Structures are given as C-alpha cells and as structure tokens.
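This report refers to the structure that appears directly beneath it.
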Amino acid sequence: MEPDSLRLHLGPVPERGRAEWLRSGLRRAVHDGALGIGTTLPGSRTLAATLGVARGTVVDAVQQLVDEGYLSARPRSGVVVAWRSGADDGPVRQPARRDPSPGQPDGALFPRAAWTRLARGALADLPSGDLGYPPPAGHPALREALAGHLRRTRGAEVDADDVVVVSGVAQVCALLSRAGLSRWAVESPGSPGLIDQLTGIGGTVARVPVDARGMVTDALDGGPDAVVVTAAHQYPTGCVLAPQRRTELVRRARADGFVVMEDDYDAELRYDREPVGVIQALAPDVVVLAGSVSKSLSPALRLGWMVPPRHLRAAVVEAKANADLGNPVVDQVALARMITSGAYVRHVRRVRAVYRGRRDALLAALARHAPDVVVAGISAGLHVYLADLGLPAAERARAALLDRGIAAQVVPVGPAHLPGVGLVVAFASLRDADDAARAVAAARA
Numbered sequence: 284m285e286p287d288s289l290r291l292h293l294g295p296v297p298e299r300g301r302a303e304w305l306r307s308g309l310r311r312a313v314h315d316g317a318l319g320i321g322t323t324l325p326g327s328r329t330l331a332a333t334l335g336v337a338r339g340t341v342v343d344a345v346q347q348l349v350d351e352g353y354l355s356a357r358p359r360s361g362v363v364v365a366w367r368s369g370a371d372d373g374p375v376r377q378p379a380r381r382d383p384s385p386g387q388p389d390g391a392l393f394p395r396a397a398w399t400r401l402a403r404g405a406l407a408d409l410p411s412g413d414l415g416y417p418p419p420a421g422h423p424a425l426r427e428a429l430a431g432h433l434r435r436t437r438g439a440e441v442d443a444d445d446v447v448v449v450s451g452v453a454q455v456c457a458l459l460s461r462a463g464l465s466r467w468a469v470e471s472p473g474s475p476g477l478i479d480q481l482t483g484i485g486g487t488v489a490r491v492p493v494d495a496r497g498m499v500t501d502a503l504d505g506g507p508d509a510v511v512v513t514a515a516h517q518y519p520t521g522c523v524l525a526p527q528r529r530t531e532l533v534r535r536a537r538a539d540g541f542v543v544m545e546d547d548y549d550a551e552l553r554y555d556r557e558p559v560g561v562i563q564a565l566a567p568d569v570v571v572l573a574g575s576v577s578k579s580l581s582p583a584l585r586l587g588w589m590v591p592p593r594h595l596r597a598a599v600v601e602a603k604a605n606a607d608l609g610n611p612v613v614d615q616v617a618l619a620r621m622i623t624s625g626a627y628v629r630h631v632r633r634v635r636a637v638y639r640g641r642r643d644a645l646l647a648a649l650a651r652h653a654p655d656v657v658v659a660g661i662s663a664g665l666h667v668y669l670a671d672l673g674l675p676a677a678e679r680a681r682a683a684l685l686d687r688g689i690a691a692q693v694v695p696v697g698p699a700h701l702p703g704v705g706l707v708v709a710f711a712s713l714r715d716a717d718d719a720a721r722a723v724a725a726a727r728a
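With the sequence shown counted from 1, adding 283 to any position gets you this note's numbering.
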C-alpha cells in the first residue's frame, strides 16, 4: 500500500495518543481488508515522514502488531501483512434465537436497592485475601448460609461442607458428567433444554413417562448412572412426585447403583401451602440436591447450589475447579448476607404473593374466555400447563403469546394421564387481570 493511501485510511493524526492511534488504525486496516495478506508496508522512515510522527512511534506500533501476529518482519523483504481478514469467508453464523423461557421471573421484582447495598457492603468488608481465586466449592460464608437455609426451608440433610456453589442447575449436570455420569434418565415430558444439554455433553438420555403422580418409577430400566426428577413441581405438568414413588426411587437408586439428581428448581414458589420437603433428606447417600436463585431472584446472577452424596463430592469439586475456577466472590458474599439477614426470605414471601395473584388472574381469564381448556398442576412456580389442545391450536396460541412477549412452549406429547398436545404458559410477566385477559384472548384468536 502506498503511504498516502494508508494515511487516508488512518485518518487525521491526533495531538495525543499517537502510538495507540497508529496501532489501532493498522489493526483496523488489516481487519477491514484494506491491508490484504502479503501486502508490504512502507518503510518506517517513509511512513513516519508521511504521517508526520516520530519514527520511534512507527517502529513501536509495527513491532506490537508483529508480536500480535498481524504483521511479519522478513529479512530483506520488509514488513508484510500476515493475517487474513475473515470477511471473505462468508457471513458469520449467528446462534439460533433463544425464545423467552416460561420459567423466567419478572425482572422488575428484583430487589435492586437491597442487592446494591449488600454487594457494596460485601466488597467493602472483604479481606484482601478473599479477592484472589475463590475456593472452587464456594465461599465459606455462602456455603454456611445455604446449608442453614436448605435445612430450614427444604428439610435437607446438609452441612456447609456438603454444599458446592454452582452457576445454576444447568451446571450441575455438566459437573456430574465430568465426574463420570454419562447415562441419564429424564422425565417425559420434561425440560427440552435439559435433554439438549445432556446430549450436547456426550450423555445418553432415556425418557421415563410421567403421570398425575410424577415420574413412573416402575418404567425405569436400562441401568442409568443418574435419574433427573423435578419432585416438588414437575416440569412442565406441575404435579408432585407421590410419596410411594419417592420411596421407590430411593430404593431403586440404592439397589441399581444410580444417583438421583433432584432438581429443586422452583420449590420456594408454592402458593397454596408449604412446599413438600426434598427427597435428599430421605437418602443423602444417593441423592444430589440442586437448586438456584434463578426463579426467586434472577437467572442473571448465575448462582445456585448442589449437595452431592459424599462419594461424589471430591470429583464434583475438582470438576468445578476445572470448569471455571469458582463463582464470583462478591456476589456469593452478597447472597450469603441476604440469606443470613432474613432479607432473602422476606423477598421470597413478597414475590410469592405477587406471582400467586398473577397465576390466579390467568386462571380466572382462562375460566372466563376458554372454559374448555384443561389446566393441570399445583398452585406453584411461574407457569401453568394447558392440556389436550391439539397441535394447530397449541402452535397458534404459542405464536400469539410470543408476539405479546409472553413465554410459551408447545409440548408435543403430554403425560400419560393427559397424552395430548400441551402448552406451557408463563404468567410472571402478566401484571394484572386485564393483561391476563388480553393474553388469553390473543391465544384464542
């Protein structure tokens, strides 16, 4: 490239920061393709004179780009461009658009002011030693707080040493996979995202039917390494795993040598009574308890927990260390303070009341405008399950709801007692009865 052409591409020389201006400009010229691979740059004296900068500025900028791999200095050939822009390789493939999740809470209910105070206080009080890499199992303060919270609210059999802090329930499966579990059994219908994740990390997945009493444990076969169950509020149908099946699941786990991964994803959001206790309390030796604040606070925090059986704990902690070196310390300590101060329980009580009102409004709108629709599931969570709609009607309703910003998900094959096509409908974003009525009217159109 001729010096004058390069000067036009770089633009006017700034009064200050000339070295960074030149480095950035040369990088941009390579990325844009203005300096194609194999192009020889003008000599440093010529380029410095043309640009009106010191020769040392040019030499430093060129050397920086040689070190970064953009340029190559060849004896007797000068400096040439060594990197090809990817612009000629066709458009970059964008990831598939992710539809809103029916389980996503209302972000407007996040306690911003309280969280800001907690995070600021955590950062102010943290010892300097806590600002290095965190313990991979989690900060001791959060593990202690979570153990106490899980004992009080979920009846779990857990001490602080049993808790591993994770980035949400999704990471639990990844860590268990790294710990050697590859054959999985999951509920059907269940979470399509879970199946995608498990197959994506190389696992094999067997589907186990669900009926009005939860997973049909008699249908378990094939020797899984792990069975995933949403016992307190089955996703998506909303039923609760019956006591006899809890007992049978534990018996089978011990007899057949698998672990139960209890996904306690939204158990704190039960509206008509206290949620059922966890299976883990019956059998901490074979049950992995997993949960997070993604429903009660926000999935943006990426904070959750798992309580693995003791024979898996070392492998899980090692897998966590290899995966990401641990979760952010300030957020962990902020959540610990939120729990120990009682602010977390107060927040959960507040959002329970809000979400119960929104669920009731949706059910009232359905009873008024779509009385023929079957609504399944207990009064809990952030979604309802509409059964036996038929595929065309379910797809039309889903599209209409998504147009209104309301998350919905078609279930092609329902549970054994309601085998037709179903629809999961979120209600977290429905602010009032009129909003719910408009959503139902749009879905029925």
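Glycine is no exception: its CB is placed at the ideal position from the N, C-alpha and C atoms.
Keep in mind the model is a prediction, meaning the values are calculated, not measured.
What would DSSP say about residue i, mapped onto helix, strand or coil?
i      : result
SER460 : helix
GLY497 : strand
GLY300 : coil
TYR416 : coil
GLY587 : strand
VAL363 : strand
LEU565 : coil
ALA370 : With a pLDDT of 47 at ALA370, under the threshold of 50, the predicted position of this residue should be treated as unreliable, though the coordinate-derived value follows. Helix at ALA370.
SER474 : coil
GLY540 : coil
HIS292 : helix
THR487 : strand
ASP389 : coil
TYR668 : strand
THR340 : helix
VAL694 : strand
ARG434 : helix
SER355 : strand
VAL455 : helix
ASP546 : strand
PRO519 : coil
GLY705 : strand
THR530 : helix
Only counting the same chain, and skipping five residues up and downstream in sequence, which positions put a Cβ closer than 6 Å to that of residue i?
i      : result
PRO492 : SER471, VAL499, ALA502 and ALA699
GLY308 : LEU293
GLY664 : HIS516, ASP549 and LEU552
ALA430 : VAL441, ASP442, ALA443 and VAL446
ALA489 : ALA468 and GLY505
Using a Cβ-Cβ cutoff of less than 7 Å, which residues in the same chain neighbour residue i once the five nearest sequence positions on both sides are dropped?
i      : result
VAL696 : PRO472 and PRO702
ALA495 : CYS522 and HIS700
ALA453 : GLN480
SER712 : ASP389, GLY688 and ILE689
ARG635 : LEU552 and TYR554
Can you grab the Cα-Cα spacing for the pair residue i / residue j, in whole Å?
i      : j      : result
LEU674 : LEU565 : 40 Å
ARG585 : SER355 : 43 Å
ALA709 : ALA598 : 37 Å
ARG311 : LEU289 : 11 Å
PRO417 : VAL612 : 6 Å
VAL658 : ASP671 : 10 Å
ASP715 : ARG629 : 22 Å
VAL364 : GLY321 : 5 Å
PRO519 : LYS578 : 15 Å
ASP504 : GLY486 : 16 Å
ARG395 : LEU706 : 32 Å
ARG535 : TRP467 : 14 Å
ALA573 : PHE541 : 16 Å
ALA653 : ARG528 : 34 Å
SER327 : ARG367 : 22 Å
ALA644 : SER450 : 33 Å
ALA647 : LEU477 : 31 Å
ALA619 : SER575 : 13 Å
HIS314 : ASP607 : 31 Å
ALA538 : LEU532 : 10 Å
VAL723 : ARG435 : 38 Å
TRP588 : ASP686 : 34 Å
GLY625 : LEU409 : 20 Å
Below 8 Å on the Cβ atoms is my contact criterion, and I expect residue i with residue j to pass it. Report the Cβ-Cβ distance as a whole number of Å.
i      : j      : result
VAL341 : LEU291 : At roughly 17 Å, the Cβ-Cβ gap does not stay under 8 Å, so VAL341 and LEU291 are not in contact.
ASN610 : GLY421 : 7 Å
SER384 : ALA690 : 6 Å
ILE484 : ALA457 : 6 Å
ASP740 : ARG437 : The requested residue 740 is not part of the displayed model; the chain covers only 284 to 728.
LEU334 : VAL296 : 6 Å
LYS603 : PRO475 : So it is not a contact: roughly 26 Å between Cβ atoms.
VAL590 : VAL571 : 7 Å
ARG642 : VAL667 : 7 Å
ALA720 : ALA683 : Between ALA683 and ALA720 the Cβ distance is about 14 Å, and since that is not below 8 Å, they are no contact.
ALA677 : VAL656 : About 11 Å; that fails the 8 Å criterion.
Got a sec? Which residues, its chain only, sit under 8 Å from residue i by beta carbon, not counting five neighbours each side?
i      : result
VAL362 : THR323, LEU324, VAL345, VAL349, LEU354, SER355 and ALA356
Run through the segment 595 to 636 for me and flag every whole alpha helix (DSSP H) of 4 or more residues, listed as ranges in chain order. 612 to 623
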